[in-house]
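Peer 1: Take the sequence shown: its position 122, counting from 1, is numbered 182 in our numbering, and each next residue is one higher.
The C-beta atom is built at its ideal place from N, Cα and C for all residues, glycine as well.
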Amino acid sequence: MRDISYLIKYYENYNEQSRLESKHGKIEYLTTMKYIHDYLQPGMRILEVGAGTGRYALTLAREGYQVNAIELVQHNIDILNSYIQPNDNIQVDQGDALDLSRYNDETFNLTLVLGPMYHLYNDEDKIQCLKEAIRVTKKYGKIMVSYCLNEATVITYAFVGNNIKECLAKNMLTEDFHCKSTAKDIFELVRIEDINRINSYFNIERDKLIATDGATRYIRQVIDDMDEETYNIYLKYHLSICERQDLIGASHHCLDILTKK
61 MRDISYLIKY YENYNEQSRL ESKHGKIEYL TTMKYIHDYL QPGMRILEVG AGTGRYALTL
121 AREGYQVNAI ELVQHNIDIL NSYIQPNDNI QVDQGDALDL SRYNDETFNL TLVLGPMYHL
181 YNDEDKIQCL KEAIRVTKKY GKIMVSYCLN EATVITYAFV GNNIKECLAK NMLTEDFHCK
241 STAKDIFELV RIEDINRINS YFNIERDKLI ATDGATRYIR QVIDDMDEET YNIYLKYHLS
301 ICERQDLIGA SHHCLDILTK K
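1. Rounded to the nearest angstrom, what separates Met93 and Asn149 at their Cα positions?
2. Is it right to say Val220 is buried, meaning 16 or more other beta carbons lie within 10 angstroms of its own, or is it exposed?
3. For Glu81, which of Gly309, Leu100, Asp159, Asp284 has the nearest alpha-carbon?
4. Does the Cβ of Arg162 have 16 or more other Cβ atoms within 10 Å, making it buried, or fewer, making it exposed?
5. So Tyr66 packs on Lys244, CB below 8 Å; how close in whole Å?
6. Where do the ends of the beta strand (DSSP E) carrying Asp156 lie?
7. Going by beta carbon distance, what residues of the same chain come within less than 8 Å of Arg304, once the five residues before and after it are set aside?
8. In terms of residues, what are the limits of the beta strand (DSSP E) holding Cys208?
9. Taking Cβ to Cβ, would you say Phe262 is nearer than 9 Å to Leu190?
10. For Asn231, does the count of other Cβ atoms within 10 angstroms reach 16, so buried, or fall short, so exposed?
11. In whole angstroms, what separates the C-alpha of Tyr125 from that of Val205?
12. Please report how far the alpha carbon of Thr242 lies from the alpha carbon of Tyr178, in whole angstroms.
13. For the beta strand (DSSP E) holding Ala271, just list the boundary residues, first then last.
14. Taking the alpha helix (DSSP H) that Val282 belongs to, which residues open and close that run?
15. Buried or exposed: which applies to Asn222, given that a residue is buried once 16 or more other Cβ atoms fall within 10 Å of its Cβ?
16. What did DSSP end up calling Cys227 once you bin it into helix, strand or coil?
17. At which residues does the alpha helix (DSSP H) containing Thr290 begin and terminate?
18. Which residues share a DSSP beta bridge with Glu88?
Structure (C-alpha cells):
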C-alpha cells in the first residue's frame, strides 16, 4: 500500500464532518446530494470510495439503499463506525481507491468518488482510481467524481491571502499559474482540461459537470451570517447557476457525473 502518512496526520487533526455541516459547507453537501438523488432509483446498490467519516454514505444507507463504503484512513473509519446505527444498511471496509479488488466487476449502480482525487498527484494514480471505479460499476451505471479546482486556490490563498510572492519563490506555480501539488500540500488542484484528459482514457460519457460550491467559499463568512430565509434564497440561486459551464472553473469543488458505456 502507498505511503499515506501525510493523509493520516491531516485527517487526525481535521473535522470533515463539521465542514460539511457549516452553513457554507452545506452548500457543497446539499448540491452533491441533489444530483445523487436525481439518478437514484429504489433497490440500487451504492459504493462510496473514500467515504471519509460517512456524511454521504450514512445518509444514503438511512434512505434505504444498500451502501458499501471504503476508506483509506483508519481514523476516519473509526468515526464513521461510531455513527452507525443498528438498522443502517452499510458495510464499511478499509482500503485504497487505487485497488477495489474486494469488489467484483459491475457490482454497483452508482459509484461515488467524492474525495480520493483530492489526494492523487499524478495522472497514473488518477487514471487507476477512475479505472477501478468504472470497473465495479454496472454498464450504464453512474460514476460521480469530485475534484478540487485550481483557480479558487490561486485567488483565495495566493492573492487574497497575500501569499503569491512566496508561492512564486518556492516554485509552487507554473508560468500559467497552475498549482504544482505534492503530498506535502495535501490537496491536488486541477483545471477542467486536466479532468477531461483523465476521462479520455475510458469509454464513458459525461452527463453533467457541476460546480458544487460555486462562489460560496469566496464569501463563506457572509453565508454563515445569513438568516435562514436569505440562506435558502442563496441556495436557490446557487442551484440555478451550478451547471453553467462558463462559471465552473472558478468553483472550489466540482462534481463530474459520468455514465459507463
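Peer 2: By the coordinates alone:
1. Distance between the alpha carbons of Met93 and Asn149 is about 18 Å.
2. When all chains shown are included, Val220 counts as exposed.
3. Shortest Cα-Cα distance from Glu81 to any of Gly309, Leu100, Asp159, Asp284 involves Asp284.
4. Per the 10 Å Cβ criterion, exposed.
5. Between Lys244 and Tyr66 the Cβ distance is about 7 Å, and since that is below 8 Å, they are a contact.
6. Judged by DSSP secondary structure, Asp156 falls outside any beta strand (DSSP E); it is assigned neither H nor E.
7. Correct list, in chain order: Ala271.
8. Going by DSSP, Cys208 is part of the beta strand (DSSP E) stretching over 197-209.
9. Against a cut-off of 9 Å, the Cβ pair of Leu190 and Phe262 comes out as a contact.
10. Counting every other CB atom within 10 Å of its CB across the protein chains shown gives Asn231 a total below 16, marking it as exposed.
11. Near 19 Å, if we compare the C-alpha coordinates of Val205 and Tyr125.
12. Roughly 11 Å separates the two Cα atoms.
13. In the DSSP assignment, Ala271 falls within the unbroken beta strand (DSSP E) covering 264-271.
14. 280-284 is the extent of the alpha helix (DSSP H) around Val282.
15. Flag for Asn222 reads exposed.
16. Cys227 falls in the helix class under three-state DSSP.
17. Residues 288-301.
18. None; Glu88 has no bridge partner.
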